[in-house]
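Residue numbers (the numbering used here): 304 to 1145.
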């Protein structure tokens, strides 16, 4: 047995367990690891100070001063509780010297019983009594490694290279590393996966790589394990496939149709639409050959597909910092015949068969793809069109010429250096090029304090007086300026996010349909269109762009502009910007959000109202954002013909607004800046196709100082008026006839001044209630409360009863209820909410 020297100096003793399996090194104390006094080269295996034959878990109280080499054969587990602030020890490693070989964590797990292993870095959330979440741990307790060295070697011929033979940052983990040392036979992966608790979202591990060792093989070290939907074929007799089709191997004349039992699962919505992700490549470049038979589009400011249809050219290379749309299993037969004929591999006529397409997701990484997946006999045999090996380039056959060629691509590697992106005039789809979140507070002119004392990544707030003129955004390039009022500068101080996009193939019409909802974040507030229930982005200081997430920037420069995304944009978790500075307070005031929530379909839509001196009533104001992103982003329907003459239609459905305001030039507005002297603003609501309950919610009203208050007027209910405050809700029943007889078509009005006729005086008696013998008693009512809505909910938020105030000063409402606690809400000139308890059995 190979002997190692263990040298560990502990202030609080950790526990070392040794055995044949499931060995765990557990530490909740301070630890110092120091090199031996030998002539061995620092960082080399001979210099190892601490050898852990198994996994290592570090919990609250643990810290490591790493001045030597630690070898690990198992997983590295972060068990710290983010509710406990340990100062410098929050990130586990302390006292680093930023010298590559001064402190090394080496992952050396070799094959066990002839099978290669996977070593993970992950957060331990499997604690029943834990009161914290993955997101909090990734935000507050990211692990700040000195040097990570991977020494696992190549997997064997019988191993699945997609799953073993590398070190992976799990989706539950966030790490920074000073130096990454990954030789040519090894790989370093980051896991991204659909969120099992929220399938509309991708959850990624975070890896902030500061520098690469000279020993790192850049063309092969990077890998992303990207799980797009649930697919498990480990049991051939019971394959789980949320992307399954009814007729998977249909002939060319019969396109495959999605299997109805997959609707509402991890890939498809309940209505059969596929989740379409706004995606940006994790590498400097990413080949499209991974995506044969799946959807990849390159959008522009007015089309999901740039009017060219889905990209089916496997030689297309996605660029870092660019935004694309991707989905899987939409209709793999779209180009089935033409793909097989155009891309026969190297003259052997084996074809690029759709049966071998990627399932469940992708493993982005050229070594795994070339040397395992697409090798002869591999799970995706013949799919690759790029290589990292200069000696492996092939020119193709005489029959197909360059269509069969293999090109060198050595740029599929994580971005560590600044990334340049060229923007054209108008709206541009871009993305986060790094594998850690980025903050765009610099674009908004909002202060940022950096992460973990990162002084270079910190910057102060831009006062309103400067923002109205212009200010330089240095982390997006020298000479890049933004302004809240001057549209002639390079960038507008806002960005858009594509969150819930969908795609669907309509077989009867032979048409591909696309639709998207979006949010925007601005210096003056935030809003979202058709967003998911409970998804709140009303605080722009805390919004981060996730790894591989698309966002949109706008420039009005006639010849475009080139921005440079600086690695200093990278951060962890939420920005912890202080909000006490007067300049920041000015940034955050005088805007509010109205949200309309469809309680049946579980979706919501938002619109923002922003009060600004000098704001224009038209939609051309610099503060404004239209529903639909820009003037050209409307519904389109056109035909696309591929290289072989196969024709498909493409339709991009205009995003349907539920709630919105309008500008004076009749544009539907997502964010509407209005002059502070505005007295009233129509609020439009698109009624549903059937009668149902809708709830209006109000956010950000505590920011409003420009007007005396905000009142909601319901024109359909005889101008029923209520003053709204932060967090207030207004529930109503709606149907298709709501606005048919209302002049102007708007059911609601937002009023910004008080009216004594609908404000109850200070001498009004306080409302109270109690429940007895199946009857609810309400006291303290007056004439102004008449016809106010009375609603009763259980503690799960389910509507139990609804009536109206019909008597004053008290009323009774007979309603048998089960034992339990309930919530009473009265909505009208006065708003009242309380809890009451039924202790009697009815």
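Even for Gly, the Cβ is constructed at its ideal location relative to N, Cα and C. On a predicted model such as this, the values are computed, not experimentally measured, just so you know.
Name, in chain order, the residues that DSSP records as bridge partners for residue i.
i	result
residue 1034	998
residue 422	470
residue 299	It is not possible to answer for residue 299, since the shown part of the chain is limited to 304 through 1145.
residue 1160	With the chain covering only 304 through 1145, there is no way to say anything about residue 1160.
residue 629	580 and 599
residue 1150	Because the chain is modelled from 304 through 1145, residue 1150 falls outside the range shown and cannot be assessed.
residue 574	Per DSSP, none; premise fails for residue 574.
residue 1115	1080
residue 855	732 and 799
residue 985	1052
residue 589	621
residue 664	530
residue 868	722
residue 977	914
residue 894	913
Mind reading off the beta-carbon distance from residue i to residue j? Whole number of angstroms is fine, and I expect it under 8 Å.
i	j	result
residue 411	residue 366	About 23 Å separates the two Cβ atoms, so there is no contact after all.
residue 915	residue 897	Actually they do not touch by this definition, with Cβ atoms about 18 Å apart.
residue 665	residue 529	5 Å
residue 359	residue 379	6 Å
residue 1103	residue 1081	Contact flag wrong, Cβ pair sits at about 15 Å.
residue 784	residue 775	5 Å
residue 346	residue 404	3 Å
residue 450	residue 481	6 Å
Measuring alpha carbon to alpha carbon, tell me which of the options ends up nearest residue i.
i	options	result
residue 971	985, 546, 979 and 980	985
residue 574	689, 698, 485 and 807	807
residue 1020	1127, 1132 and 590	1132
residue 402	468, 348 and 514	514
residue 452	474, 484 and 423	484
residue 439	908, 784, 387 and 1002	387
residue 543	550, 1039 and 533	533
residue 675	468, 576 and 606	468
residue 445	454, 394 and 461	394
residue 671	524, 811, 378 and 733	524
residue 998	776, 1030, 589 and 973	1030
residue 978	1026, 921, 962 and 961	921
residue 490	511, 454 and 332	454
residue 384	331, 633, 338 and 418	331
residue 751	778, 768 and 632	778
residue 526	715, 336 and 579	715
residue 1049	1056, 1022, 1027 and 1012	1022
residue 1005	1130, 893, 928 and 1073	893
residue 479	466, 505, 511 and 461	511
residue 772	763, 781, 761 and 793	793
residue 1136	1126, 1142 and 1143	1126
residue 1058	1069, 1013 and 1077	1013
residue 297	587, 571, 420 and 399	The shown model of the chain, from 304 to 1145, leaves out residue 297, and the question about it has no answer.
residue 873	824, 857 and 743	743
residue 593	551, 577, 795 and 669	669
residue 766	870, 329, 745 and 673	745
Do the CB positions of residue i and residue j come within less than 8 Å of each other?
i	j	result
residue 667	residue 595	no
residue 983	residue 1054	yes
residue 1083	residue 1071	yes
residue 1016	residue 988	no
residue 991	residue 1034	no
residue 277	residue 507	In the structure as shown, the chain starts at 304 and stops at 1145, and residue 277 therefore has no counterpart that could be examined.
residue 597	residue 661	yes
residue 826	residue 741	no
residue 617	residue 591	yes
residue 447	residue 382	no
residue 913	residue 975	yes
residue 1027	residue 1001	yes
residue 859	residue 728	yes
Do residue i and the ligand FAD come close, with the Cβ less than 7 Å from some heavy atom?
i	result
residue 488	Of ligands this structure carries none, so the ligand FAD is not represented either.
**Study point:** Cβ pair count under 8 Å reaching 3, the segment 561 to 574 against the segment 681 to 696
**Key:** With a cut-off of 8 Å, the segment 681 to 696 and the segment 561 to 574 do not count as touching, because too few Cβ pairs lie within range.
Exercise for review: Report yes or no: do three or more beta-carbon pairs, one from the segment 371 to 378 and one from the segment 338 to 355, lie closer than 8 Å?
Suggested key: With the cut-off at 8 Å, the segment 371 to 378 and the segment 338 to 355 touch.
Check your understanding: Using 8 Å as the threshold, is the segment 788 to 804 in touch with the segment 844 to 857, meaning 3 or more CB pairs across them?
Key -> Taking 8 Å as the limit for Cβ pairs, the verdict is that the segment 844 to 857 does touch the segment 788 to 804.
**Study point:** Any 3 or more C-beta pairs closer than 8 Å across the segment 610 to 626 and the segment 717 to 726
**Key:** Proximity of the segment 610 to 626 to the segment 717 to 726 meets the contact definition, three or more beta-carbon pairs being nearer than 8 Å.
Point to revise | At least three beta-carbon pairs within less than 8 Å, the segment 812 to 826 to the segment 708 to 719 | key: Not touching, per the Cβ criterion.
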